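Asks: First the structure, then my questions, so here it is.
Residue numbers (our numbering), protein chains in the order written: chain W, 36 to 412; chain S, 36 to 412.
Structural data, given as structure tokens:
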């Protein structure tokens, strides 16, 4: 079958209001789809990507040798089976891979927004996805699923629009950041902003703050791998045995981080990094769903009917060696949704691969997800 | 009693050979002493400082309101009792608080060494301390003790010169860095070097790379606190509730890190940070003592007499919530020295204070150290 796919861009030429109250006059939403929507239009699954992901979740772009970031999980017979389901993935609002973000042109100035881009929230990302779904003629989702920040979006969508979603899958995620998790993100942001090339966010006409963004990414990668895996993979092995090599990478683990930093800055916008990590740090699911305003049913999409949740399903997956979003935080998610009367299943997958396991350990994940999706219609 | 102290500087005007083979023509060693050397000259204890420490371990400098960094542990009746022992602490080689380091004047150019400073090792730090001890007329140490990098120096000294040291105390330390520990240091170094003001190490005549060094220090501080302590201390509390505050610290944990970064760069040299963390990453006690060269008894101080270790004592202390140098690594130290027939005591102190506990949790530490030192003469 044809496993070539293209990224489409939906151009929304009407104002889009954000959580902050700001308006975006125009909105682009980059997205891809895999499989086919059935006649009943009830087999759609929305996939949410993590911090550094994009709309290209699966299959191949014409001429590419590498498939999308979750191709192991999405396809014929896979965990998200494209023979059964219509899979959609869009780049998040604030991103830099086709959806409107700080690098996009500000219609008011005809220059990139840079820091004039308004702050965004997890809820804003969800709202932009609802615009896309509406355009695709999809009223209800079979499931909304994602890992890491993708799990946050999935849960936010599920709680905000229970009538629109049958189930959620949250993988290697949390319902709010701890102080330590905020701290890691903050140091990454500070690394970006410490780079003079960042220049208050105005670098689009010159050189981008690659050195700073690369340091931020290196910090991230330490938290993505388990201590054990890092030790087994790199240990204390030195590529460069020159004792004078203080000022360049010499240990293999240093080369690994170096490579990760360099490849990231080629494809990611530094301001997007700031805006998205800020949205992550400010995400607080419980505070969000219990705010009085929401319960009173005011404002944009704010008529919550938590009673509806009783008929809904949830799946929470964590990885034993994930120290960025540890199993303890997954259990808090299970507790929250159990309290809301959602039927939640929980699986802790035993692995040494740390947080990255949501991208790499697809065999167990696929089995669990396949069974979960088959268990309700 | 008089608790005012001064930092002295020993000027060594003869060449000092380093592990790398390089020679330093001249060497300054900054040090302080507390208490008195007895007539038998057998009550001296050498205190080793950590990465960001200095010779000012205890008491007050004239006019200062804050005492030295381990004043809770060193003084009359304290863990290191100055009524009984003569305590010495010197700034490490490569440092920036009085001892020769990259910011010192290179006699060959009459400018700061910067990156012309040769790479240094834990063994070089130890050798410089032996020059100081010799000058002070001290042939034997009752004990050599330190936390974090201080523990590394203590163990290196103890293994290299067993005839000169009666015991060692290693607190919150390790005998070698894991890949993850190297990774954290490397990201810190990269943050410094990514700052254009670092300028290949040549910044002494202009502005120092404060932004980069501050990011490095922030990364360090995340690893110094336990996840639990950070959560209890800061949680998700926001000082600045302005949702637009993406580009300045808003969460309290961000303000804390910011403060730590800013206060560090005022007192620390960026190149020293690179040289010292490099020495830490390359420290490998087991490799060092088992190298054939050493066992053959060649070269500078290389006649090892491991038989001597049988009459020696060791004390290893770890902290339950220290995730930078966790108890598992302390147990490896105990295992190593037990294998060398040293009588080693081990204490794991239960605390939420993480790695920083070696500086803050002085009550339990003092009791353990006091008993340990009293148990042999």
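Glycine included, each C-beta is placed from N, C-alpha and C at the ideal position. Quantities reported herein were computed from a predicted structural model and do not represent experimental measurements.
Within its chain, find whatever has a CB closer than 6 Å to the CB of residue 237 (chain W); leave out the 5 residues flanking it on each side and keep chain order.
Replies: 149.
Asks: With a threshold of 16 other CB atoms inside 10 Å of the CB of residue 204 (chain W), please say whether the residue is buried or exposed.
Replies: Buried, because 16 or more other Cβ atoms sit within 10 Å of the Cβ of residue 204 (chain W).
Asks: So, at 7 Å on beta carbons, what are the nonlocal neighbours of residue 132 (chain W) in its own chain, with the 5 sequence-adjacent residues on each side left out?
Replies: Excluding positions up to five away in sequence, the list reads 65, 89, 90, 126.
Asks: Taking only three categories from DSSP, how would you classify residue 53 (chain W)?
Replies: In this structure, residue 53 (chain W) counts as coil in the three-state DSSP scheme.
Asks: Is the Cβ of residue 281 (chain S) closer than 9 Å to any Cβ of chain W?
Replies: With 9 Å as the cut-off, residue 281 (chain S) counts as an interface residue toward chain W.
Asks: Using the Cα positions of residue 313 (chain W) and residue 224 (chain W), report the straight-line distance between them to the nearest angstrom.
Replies: Between residue 313 (chain W) and residue 224 (chain W), the C-alpha separation is close to 9 Å.
Asks: Determine, for residue 174 (chain S), whether the minimum Cβ-Cβ distance to residues of chain W falls below 9 Å.
Replies: Judged by the 9 Å Cβ criterion, residue 174 (chain S) is not in contact with chain W.
Asks: Taking residue 203 (chain W) as the query, report the chain S residues whose CB atoms sit under 7 Å from its CB, ordered along the chain.
Replies: Going along chain S, no residue has its Cβ under 7 Å from residue 203 (chain W), so there is no contact; the nearest lies around 23 Å.
Asks: From the DSSP output, which residues share a beta bridge with residue 380 (chain W)?
Replies: DSSP output for residue 380 (chain W) lists W:350 as bridge partner(s).
Asks: Listing by chain order, which chain S residues have their CB less than 8 Å from the CB of residue 313 (chain W)?
Replies: Here the neighbours are 281.
Asks: Counting only beta-carbon atoms, is residue 45 (chain W) nearer than 9 Å to chain S?
Replies: So no, residue 45 (chain W) is outside the interface.
Asks: What in chain S is Cβ-close to residue 211 (chain W), meaning under 7 Å?
Replies: Result: 271.
Asks: So which residues on chain S does residue 362 (chain W) lean against when the C-beta distance must stay under 8 Å?
Replies: Per Cβ cutoff of 8 Å: no residues; residue 362 (chain W) is ~14 Å from chain S at best.
Asks: For residue 70 (chain W), I'd like the list of residues in its chain whose CB is within less than 6 Å of its CB, leaving aside the five on either flank, ordered along the chain.
Replies: Only 117, 120, 121, 122 meet the Cβ criterion.
Asks: Using 8 Å as the cut-off, can you tell me whether the region 401 to 411 of chain W makes contact with the region 134 to 150 of chain S, which would need three or more C-beta pairs spanning the two stretches below that distance?
Replies: Short answer: they don't touch.
Asks: According to a CB-to-CB cut-off of less than 9 Å, which residues of the region 385 to 401 of chain S neighbour chain W?
Replies: So the list is empty, because no residue satisfies the distance condition.
Asks: Please give me, in chain order, every unbroken run of the alpha helix (DSSP H) with length at least 4 that falls completely inside the region 235 to 279 of chain S.
Replies: DSSP runs (the alpha helix (DSSP H)) wholly in the region 235 to 279 of chain S: 245 to 259, 262 to 268.
Asks: Nearest-angstrom Cα distance between residue 45 (chain S) and residue 189 (chain S)?
Replies: C-alpha separation (whole angstroms): 21 Å.
Asks: Does the beta carbon of residue 120 (chain S) come closer than 9 Å to any beta carbon on chain W?
Replies: Not an interface residue.
Asks: Does residue 387 (chain S) come out as helix, strand or coil in the three-state DSSP assignment?
Replies: Residue 387 (chain S) falls in the coil class under three-state DSSP.
Asks: Could you tell me which chain W residues have their CB closer than 9 Å to the CB of residue 292 (chain S), listed as they occur along the chain?
Replies: Within chain W, the residues near residue 292 (chain S) are 218, 221, 222, 225.
Asks: Run the CB neighbour count on residue 346 (chain S), radius 10 Å, all protein chains shown included, and call it buried at 16 or more, exposed below.
Replies: Residue 346 (chain S) is exposed by the Cβ-count criterion.
Asks: Assign residue 338 (chain W) to one of two classes, buried (16 or more other C-beta atoms within 10 Å of its C-beta) or exposed (fewer than that).
Replies: Note that residue 338 (chain W) has pLDDT 43, beneath the 50 cutoff, so the model's placement of it is unreliable and the number below is only indicative. Exposed.
Asks: Where does residue 144 (chain S) fall in DSSP's three states?
Replies: Residue 144 (chain S): coil per DSSP, three-state reduction.
Asks: Note down the Cα distance separating residue 234 (chain S) from residue 228 (chain S), rounded to an integer number of angstroms.
Replies: So the two alpha carbons sit approximately 8 Å from each other.
Asks: Could you check if residue 216 (chain S) is buried or exposed, using at least 16 other CB atoms within 10 Å of its CB as the buried criterion?
Replies: Result: buried.
Asks: Does residue 317 (chain W) have its Cβ less than 9 Å from a Cβ in chain S?
Replies: Yes, its Cβ sits closer than 9 Å to a Cβ of chain S.
Asks: Counting beta carbon pairs with one atom in the region 179 to 197 of chain W and one in the region 70 to 81 of chain W, are three or more of them shorter than 8 Å?
Replies: In short, these stretches touch, since the Cβ pair count reaches three.
Asks: Can you tell me where the alpha helix (DSSP H) holding residue 308 (chain W) begins and where it ends?
Replies: Taken as a continuous stretch (DSSP letters only), the alpha helix (DSSP H) holding residue 308 (chain W) covers 305 to 317.
Asks: Could you work out which residues of chain W lie near residue 137 (chain S), taking near to mean beta carbons separated by less than 7 Å?
Replies: Within chain W, no residue comes near residue 137 (chain S); the closest Cβ sits about 10 Å away, beyond 7 Å.
Asks: Name the one or two DSSP bridge partners that residue 180 (chain S) has.
Replies: Note: residue 180 (chain S) sits in a beta bridge opposite S:82, S:204.
Asks: Could you name the residues of the same chain whose beta carbon sits closer than 8 Å to that of residue 63 (chain W), not counting the 5 residues immediately before and after it, in chain order?
Replies: Only 44, 45, 46, 47, 133, 134, 135, 139 meet the Cβ criterion.
Asks: Under 9 Å between the Cβ atoms of residue 356 (chain S) and residue 387 (chain S)?
Replies: Taking 9 Å as the Cβ cut-off, residue 356 (chain S) and residue 387 (chain S) qualify as a contacting pair.
Asks: Which value, in whole angstroms, describes the spacing of the CA atoms of residue 380 (chain S) and residue 184 (chain W)?
Replies: So the two alpha carbons sit approximately 46 Å from each other.
Asks: Report the neighbours of residue 289 (chain S) on chain W: residues whose CB is nearer than 8 Å to its CB, in chain order.
Replies: Residues of chain W passing the Cβ test: 217, 218, 221.
Asks: Rounded to whole angstroms, what is the Cα-Cα separation between residue 342 (chain S) and residue 196 (chain S)?
Replies: If I take the Cα positions, the gap works out to 12 Å.
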